[in-house]
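Heads up, the final residue of the sequence shown is numbered 159 in the working numbering, and it's a clean run with no missing numbers.
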Amino acid sequence: MPRTFASAPVMVLNGPNLNLLGKRQPEIYGTDTLADIEALCSEAAAVHGGTVDLRQSNHEGELIDWIHEAREAHSGIVINPAAYTHTSVAILDALNTCDGLPVIEVHLSNVHRREEFRHHSYVSLRADGVIAGCGIQGYAFAVHRVATLCGAGTAAA
Ligand code: DQA
C-alpha cells in the first residue's frame, strides 16, 4: 500500500540542545518546551488526518538512523537540526537518500539575523522548504506543508 499522510506519521526531528528548550536561552528560543511542540504538531497533523512522531537527540548518528527510518516508514520529515544545520554533511547525505519524501527545515530563531556562521545550512540543499524565526509555530507550518506536499486534504469534522 502506498504511504499517505494519513497512513504514516510525520517524523519531527530535533537536534542537539533542543531537549533543553524552555530553559535554554529563552530570550532567543522562547519558553515553550518540546512537549508543547509535540502538541502543536499533533494538532496540525490531525487537521489532515495524520499523526507525528517527534524525537530529539544530541547525537548526529542517532539523527541519521532516524532519517533512515523515516525513509522507510514516514510520510515526510520536519527537521530542526540545531547546530548540525551548519556543520553536518552527514545529515545532508542522509536526507539525500530520501527520494521523493517531503523535507521541511525549521529553525525557531531567525538564523539570518544572527551570527554569520548560522547563515549557511547544509540541510537547505535538500529541504523542500525552510522556515525560520516563527518560533514553535514554524513546526506547525512545516507539518501543514508536509501534508500539502503529500496531497492530503483536510479531515472531515
Ligand atoms: C536553531 C538555530 C541554530 O543555529 C542553533 O544552533 C540551534 C537552534 C533554531 O531553532 O533557531 O540550536 O536551529
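For each residue, glycine too, the CB sits at the ideal point set by N, CA and C.
Counting only runs of 3+ residues, the beta strand (DSSP E) found wholly inside the region 6-48 occupies 12-16, in chain order. A contact between stretches requires three or more CB pairs, one per stretch, nearer than 8 Å, and the region 43-52 fails this requirement with the region 60-68. The continuous beta strand (DSSP E) containing E107 extends over residues 105-109. Rounded to whole angstroms, P18 and R26 show a C-alpha spacing of 12 Å.
Ranked by Cα distance from A92, the options H76, V125, I79 are led by V125.
The bridge partners DSSP lists for V80 are V14, I106. In this structure, the straight-line span from the alpha carbon of Q139 to that of E29 is close to 16 Å. Counted as a single uninterrupted DSSP element, the alpha helix (DSSP H) harbouring D67 occupies residues 62-75. Between the alpha carbons of L15 and A96 lies a gap of roughly 13 Å. In this structure L36 is in contact with N21, their Cβ atoms being roughly 7 Å apart against a cut-off of 8 Å.
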